[in-house]
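Read top to bottom, the protein sequences are chains A and B. Going letter by letter, the first sequence gives residues 1 to 345 in the numbering used here. Going letter by letter, the second sequence gives residues 1001 to 1345 in the numbering used here. See structure below.
Number of protein chains: 2
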Amino acid sequence: MEQDKNNAINATIKDVARLAKVSIATVSRILNGKETVSPHLVERVMSAVEELRYQPNAVARALKVRESLSMGLIIPDIENPFFPALVRGVEDAAQMHDYSVILCNTDGKPAEEERYIRFLYNKRVDGILFTGGRYSDDNVAMLATLSIPVVLLDRRVGSQLSTVVTDNYLGGFMATEHLIKRGRSRIAFISGPPELSSVQTRREGYVQALRQHGLSYGEELVLPGDFTFESGHRAAARLIADGLSVDAFFAANDMMAIGAIEYLRAYGIRVPEEIAAVGYDDIRMAAWYKPSLTTVRQPVYQMGQCAVRRMLELVSGGVRRYSEEVLRPELVIRDSSGSRGGKEQ
Amino acid sequence: MEQDKNNAINATIKDVARLAKVSIATVSRILNGKETVSPHLVERVMSAVEELRYQPNAVARALKVRESLSMGLIIPDIENPFFPALVRGVEDAAQMHDYSVILCNTDGKPAEEERYIRFLYNKRVDGILFTGGRYSDDNVAMLATLSIPVVLLDRRVGSQLSTVVTDNYLGGFMATEHLIKRGRSRIAFISGPPELSSVQTRREGYVQALRQHGLSYGEELVLPGDFTFESGHRAAARLIADGLSVDAFFAANDMMAIGAIEYLRAYGIRVPEEIAAVGYDDIRMAAWYKPSLTTVRQPVYQMGQCAVRRMLELVSGGVRRYSEEVLRPELVIRDSSGSRGGKEQ
DNA sequence: GTGAAAGCGCTAACAC
DNA sequence: GTGTTAGCGCTTTCAC
Chain A
1 MEQDKNNAIN ATIKDVARLA KVSIATVSRI LNGKETVSPH LVERVMSAVE ELRYQPNAVA
61 RALKVRESLS MGLIIPDIEN PFFPALVRGV EDAAQMHDYS VILCNTDGKP AEEERYIRFL
121 YNKRVDGILF TGGRYSDDNV AMLATLSIPV VLLDRRVGSQ LSTVVTDNYL GGFMATEHLI
181 KRGRSRIAFI SGPPELSSVQ TRREGYVQAL RQHGLSYGEE LVLPGDFTFE SGHRAAARLI
241 ADGLSVDAFF AANDMMAIGA IEYLRAYGIR VPEEIAAVGY DDIRMAAWYK PSLTTVRQPV
301 YQMGQCAVRR MLELVSGGVR RYSEEVLRPE LVIRDSSGSR GGKEQ
Chain B
1001 MEQDKNNAIN ATIKDVARLA KVSIATVSRI LNGKETVSPH LVERVMSAVE ELRYQPNAVA
1061 RALKVRESLS MGLIIPDIEN PFFPALVRGV EDAAQMHDYS VILCNTDGKP AEEERYIRFL
1121 YNKRVDGILF TGGRYSDDNV AMLATLSIPV VLLDRRVGSQ LSTVVTDNYL GGFMATEHLI
1181 KRGRSRIAFI SGPPELSSVQ TRREGYVQAL RQHGLSYGEE LVLPGDFTFE SGHRAAARLI
1241 ADGLSVDAFF AANDMMAIGA IEYLRAYGIR VPEEIAAVGY DDIRMAAWYK PSLTTVRQPV
1301 YQMGQCAVRR MLELVSGGVR RYSEEVLRPE LVIRDSSGSR GGKEQ
């Protein structure tokens, strides 16, 4: 009656203690390895653990210690090719610290975001990594009031939260300057959702590069877009409708760049000869597409890692330091931006 | 001293009970809505919940009820374009039932798989959804001994576990027969990792289609591959080295198909005119690639959903029924397999 | 219909 | 060093 549970499916710390003939406190001490316990007890306990195939119950631990060793990762959509690398970066870094990551897809809908934040809070995650969709300032504000560490990814919002972003200004600048150096002078910008700070900042970089090189800039050079392939199509259609007064474009992401190129080529317009193109993100396809796409690569995987690091600092630090980490993007030069000599060549 | 915690960050069920002047049992009953409670108490409790912004602690609940409302999802790599849709299917279905999903990337390494299985068991997830990498029968066996519901995804292994797969035999058959109907007669197969049951079964479908149409089949028609773009290159290189005695190929995934096409075209070989191609998966790029890729689409998102459904059945059913669900793939006909009239046209 | 109380499995004082 | 014990926040008998 006392020992018949040895082979039970779920051994508890109690079972281990009984089998090893020690108190549960001793078992706990040994398993957590913080205090010193005499070797012969260690041995007895460890073999009991073996025999019972004891696996500590993390739920009970979480309840007691108020630390679940889990974090929430809120993203718009894992099927959007930007996010897998981010998620992987987060997951790898989390796992390294014995943390689990709960994945949440919101499709950028504020209502879903709110649901998930509440959901994660219920689960008592130790922290939340958040990438918003559209303008979700409300939810960011809500996050700020929560008594939970938060790291914002790729979205710099006004509030007082830690953020990890890439330098979108620099990215936009590099892309545009590259086209200028390739001899282009009328450069359009295919925008993403204008509410996103990342998009705004890329555009600022674009504008500044034009200015700095004495090139003309006007609202008519900015084409609306929403990050989809199809909106690339539409932007190209407008370019054509406008009489093609442009000899290059910089798109706020690769998907739109490719959409636009496809459309232009369907109209017999040669890329890069007649119109040069630069994208943003360096998705996988950018390298394989014909013409291969010059683009601005974001260190997405590293962003994920950094975010986890920041979050863990917040969790353990206790003191809530609001930090901002800016990662440097990189220009990847391929065929779509034309050859060194410019369009004449 | 009794009520000064009202605005504390983390209200507990106790705080709510005190404020509403009822017992914690009553609060619990109302919040779970299973038993009937008199309306005036409901009102009092609900307004206390409001006032305190009470959020139940799921960890405590999980400990008590032995149900964490979370599941683990083990995949090789979220950056592999096959998986995002799967993950999304799982996540959506899970969320619909108030479940959270813990994502685990193993890179297909058995050691990582084992680590994660243990990890998830520690967290007392209610079930595990598992897609193995290579031949990980050991871990599948380990899963089988665990006292935890498991659903295997896309891998039919000998053991007694529930599985959700697509009909790879049918997929291979359809792909091959399509090429035959397009007038091709010497059809190569670019294989994936030969240990994967999915790959083996696709190959069986391929072989059977050839046989059934009285076409020759031999080992020399099977080219090794490992699902990467580069291995598609290599396969094409071998095709060329062999003197191109082939007028079509069927690749076990799209990535390799595209890799092979790229290589062939770099050698001036026209696709589909000289060599027709069919892939597998229908990744996003398949539609955009030039030539657009004829391929076999797997209902990946639905697989994720089905797997969750199965798992939830196991969890609630109590009785462990080992089921097997086979989803039907679909042939998506595009340009890479040539025109209806066959290669002569 | 409602409250009191036991206990899920664990950690961390606190005694000895 | 080691054991005893008090909870973490919740659900669920069991009485009334």
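The beta-carbon is built from N, C-alpha and C at its ideal position, and this holds for glycine as well. Given the structure is predicted, the values throughout are model-derived calculations rather than measurements.
For my contact list, Phe1189(B) and Phe1250(B) are in at a C-beta cut-off of 8 Å; report their separation, rounded to the angstrom. Contact holds; Cβ gap of about 5 Å.
Start and end residues, beta strand (DSSP E) containing Leu1179(B): Careful: Leu1179(B) lies outside any beta strand (DSSP E), inside the alpha helix (DSSP H) at Asn1168 to Lys1181.
In this structure, does DSSP put Tyr1263(B) in helix, strand or coil? In the displayed model, Tyr1263(B) falls within a helix according to three-state DSSP.
Excluding the five sequence neighbours on either side, which residues of its own chain have a C-beta within less than 6 Å of the C-beta of Glu347(A), listed in chain order? The displayed coordinates of chain A run from 1 to 345. Any statement about residue 347(A) would go beyond what the structure contains.
Does Ala1085(B) come within less than 8 Å of chain A when only Cβ atoms are used? Taking Cβ atoms only, chain A reaches closer than 8 Å to Ala1085(B), which makes this a yes.
In terms of residue numbering, what span does the alpha helix (DSSP H) encompassing Tyr1289(B) cover? Where Tyr1289(B) is concerned, there is no enclosing alpha helix (DSSP H), given that its DSSP letter is neither H nor E.
Straight-line Cα distance separating Pro1110(B) from Ala1025(B): Ala1025(B) and Pro1110(B): Cα-Cα distance of roughly 46 Å.
Closer than 8 Å to chain B by CB, Arg124(A): At least one chain B Cβ lies under 8 Å of Arg124(A).
Out of Asp247(A), Gly127(A), Gly205(A) and Arg115(A), which one is the CA nearest neighbour of Asn139(A)? Closest by alpha carbon: Arg115(A).
Looking at C-alpha atoms only, which residue of Ile1333(B), Thr1012(B), Leu1264(B) and Arg1310(B) is the closest neighbour of Ser1162(B)? If we check each option's Cα against that of Ser1162(B), Arg1310(B) comes out closest.
To the nearest angstrom, how far is it from the Cα of Gly108(A) to the Cα of Thr36(A)? For the pair Gly108(A) and Thr36(A), the Cα-to-Cα distance works out to about 50 Å.
Contact criterion: CB-CB distance below 8 Å. Does Glu91(A) meet it with respect to chain B? Closer than 8 Å: yes.
Beta carbons nearer than 8 Å to chain A: which residues of the stretch 1024 to 1057 of chain B have them? Within the stretch 1024 to 1057 of chain B, the residues whose Cβ lies closer than 8 Å to some Cβ of chain A are Gln1055, Pro1056 and Asn1057, listed in chain order.
Could you tell me the alpha carbon to alpha carbon distance between Leu73(A) and Leu129(A), rounded to whole angstroms? So the alpha carbons of these two residues sit roughly 5 Å apart.
Specify the secondary structure class of Asn1253(B) as computed by DSSP and reduced to three states. Residue state, collapsed to three classes: coil.
Would Ile1240(B) be called buried (16 or more neighbouring beta carbons within 10 Å of its own) or exposed? Per the 10 Å Cβ criterion, exposed.
Whole-angstrom distance between Thr1145(B) and Ser1197(B), CA atom to CA atom: When rounded, the separation of the alpha-carbon atoms in Ser1197(B) and Thr1145(B) is 22 Å.
Please tell me whether Met1311(B) has its Cβ less than 8 Å away from any Cβ of chain A. Output row for Met1311(B): interface = no.
Provide the residue span of the alpha helix (DSSP H) that contains Asn80(A), from first to last. Looking at the DSSP string, Asn80(A) is not in any alpha helix (DSSP H), and its letter there is neither H nor E.
Residue(s) in a DSSP beta bridge with Leu71(A): In the sequence as presented, Leu is not what sits at residue 71(A); that position holds Met. Beta-bridge pairing links Met71(A) to Val101(A) and Gly127(A).
Can you tell me whether Ala209(A) is buried or exposed? The criterion is at least 16 other CB atoms within 10 Å of its CB, across all chains shown. With 16 or more other Cβ atoms within 10 Å, it is buried.
With DSSP run on the structure shown, which of helix, strand or coil describes Thr1026(B)? In the three-state scheme derived from DSSP, where H, G and I count as helix and E and B as strand, Thr1026(B) is classed as helix.
With 16 other CB atoms within 10 Å as the buried threshold, where does Arg1088(B) fall? Residue burial annotation: Arg1088(B) is buried, with at least 16 other C-beta atoms found within 10 angstroms of its C-beta.
Tyr280(A) - partner residues in DSSP beta bridges: Looking at the DSSP output, Tyr280(A) sits in a beta bridge with Val296(A).
Find out if the Cβ-Cβ distance for the pair Val1042(B), Met1071(B) is shorter than 8 Å. No; because the gap between Cβ atoms is not below 8 Å, this pair is not in contact.
For a contact meaning CB atoms closer than 8 Å, what does Tyr1121(B) contact in chain A? Near Tyr1121(B) (Cβ distances below 8 Å), the residues of chain A are Gln55.
Ends of the beta strand (DSSP E) at Val1037(B)? In the DSSP annotation of this structure, Val1037(B) is not part of any beta strand (DSSP E), being labelled neither H nor E.
Straight-line Cα distance separating Glu330(A) from Ser336(A): Rounded to whole angstroms, the gap between the alpha carbons of Ser336(A) and Glu330(A) is 16 Å.
At least one CB of chain A closer than 8 Å to the CB of Arg1118(B): is that the case? So yes, Arg1118(B) belongs to the interface.
Which same chain residues end up closer than 6 Å to Leu103(A) when comparing Cβ atoms and leaving out the 5 residues on each side of it in sequence? Spatial neighbours of Leu103(A) in its own chain (CB-CB distance under 6 Å, excluding positions within 5 residues in sequence) are listed in chain order as Leu73.
Tell me whether the beta-carbon of Arg1186(B) lies closer than 8 Å to the beta-carbon of Ser1245(B). Yes, they are a contact pair.
Could you name the residues that DSSP lists as bridge partners for Phe189(A)? DSSP lists Val222(A) and Phe250(A) as partners of Phe189(A).
Please report the Cβ distance between Ala1257(B) and Gly1232(B), rounded to the nearest whole angstrom; I am assuming they are in contact, meaning their Cβ atoms lie under 8 Å. Correct: roughly 6 Å between the Cβ atoms.
Do we get a CB-CB distance below 8 Å when we pair Met96(A) with the residues of chain B? Output row for Met96(A): interface = no.
Quick one, which residues of the stretch 297 to 308 of chain A are near chain B if we go by CB-CB under 7 Å, in chain order? Hits within the stretch: zero.
Measure the C-alpha to C-alpha separation of Glu2(A) and Arg1124(B) and round it to an integer number of angstroms. For Glu2(A), the predicted model reports a pLDDT of 33, less than 50, meaning its position is unreliable; a value from the coordinates is still stated below. Going by the C-alpha atoms only, they are around 25 Å apart.
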